[in-house]
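First residue of the sequence shown? That's 35 in my numbering, and the numbers climb one at a time after it.
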Amino acid sequence: MESSSLHKIVSEPLIHLMSTKVRYILKEQSFMLGLIVLISMVFGGQLLFGVDTYRPYMMVPEEVVTAWDAALAGDIDVSAFLTILSYAFLHGGFEHLLFNMLYLWIFGALAVELIGSKWMLVTFVVTAICGSMLHVVMNAGSPIPTLGASGAVMG
Numbered sequence: 035m036e037s038s039s040l041h042k043i044v045s046e047p048l049i050h051l052m053s054t055k056v057r058y059i060l061k062e063q064s065f066m067l068g069l070i071v072l073i074s075m076v077f078g079g080q081l082l083f084g085v086d087t088y089r090p091y092m093m094v095p096e097e098v099v100t101a102w103d104a105a106l107a108g109d110i111d112v113s114a115f116l117t118i119l120s121y122a123f124l125h126g127g128f129e130h131l132l133f134n135m136l137y138l139w140i141f142g143a144l145a146v147e148l149i150g151s152k153w154m155l156v157t158f159v160v161t162a163i164c165g166s167m168l169h170v171v172m173n174a175g176s177p178i179p180t181l182g183a184s185g186a187v188m189g
């Protein structure tokens, strides 16, 4: 048997198996991979447009507490509460983004296997909100902005 025909007999099923596995992974993890792409694109926007553009989307515990006090008094400012989620899509640097997305991919793939794509996305949003709320409770008077998906990724 020729070397090229043996190679063809062995490699074609292997290539088909690999392409089938890649398609399965892309299908099953599409929400998670889409989230990683979205967050990476937001970071690209941060680099392109500068800090003044994304500063209003960072969560500042002191501002959230002030907005909460105003809401209790009847003056609701929804934009202050949007930062409770928007901070999770921002990152302070390339390494920050890289490691958050790496861990999101690792833990997200496991979550997709256990609970499915849509519930993984719901879990990301819920843990992002819970992480920011815990940060506000622990640092209520802090004027330091918070950003990054660490709270959402680590739960």
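Glycine residues also receive a C-beta, built at the ideal position from the N, C-alpha and C atoms.
- Distance from the CA of A174 to the CA of F77, rounded to the nearest whole angstrom, comes to 27 Å.
- A check of alpha carbon separations from E129 across L67, F65, Y58 and S74 identifies S74 as the nearest.
- Around the beta carbon of P179, a 10 Å sphere encloses 16 or more other beta carbons of the protein chains shown; the residue is thus reported as buried.
- In this structure, the alpha-carbon of K152 lies about 11 Å from that of L69.
- A contact between stretches requires three or more CB pairs, one per stretch, nearer than 8 Å, and the region 85-93 meets this requirement with the region 111-125.
- The continuous alpha helix (DSSP H) containing I149 extends over residues F128 to I149.
- If you draw a 10 Å sphere on the C-beta of Y121, you find 16 or more other C-beta atoms in it, and that means buried.
- Judged by beta-carbon spacing, P177 lies beyond the 8 Å limit of E62, meaning their Cβ atoms are not closer than that value.
- As computed with DSSP, T87 is found in no beta bridge at all.
- The C-beta distance from M66 to G189 rounds to 15 Å, too long to fall under 8 Å, and the pair is not in contact.
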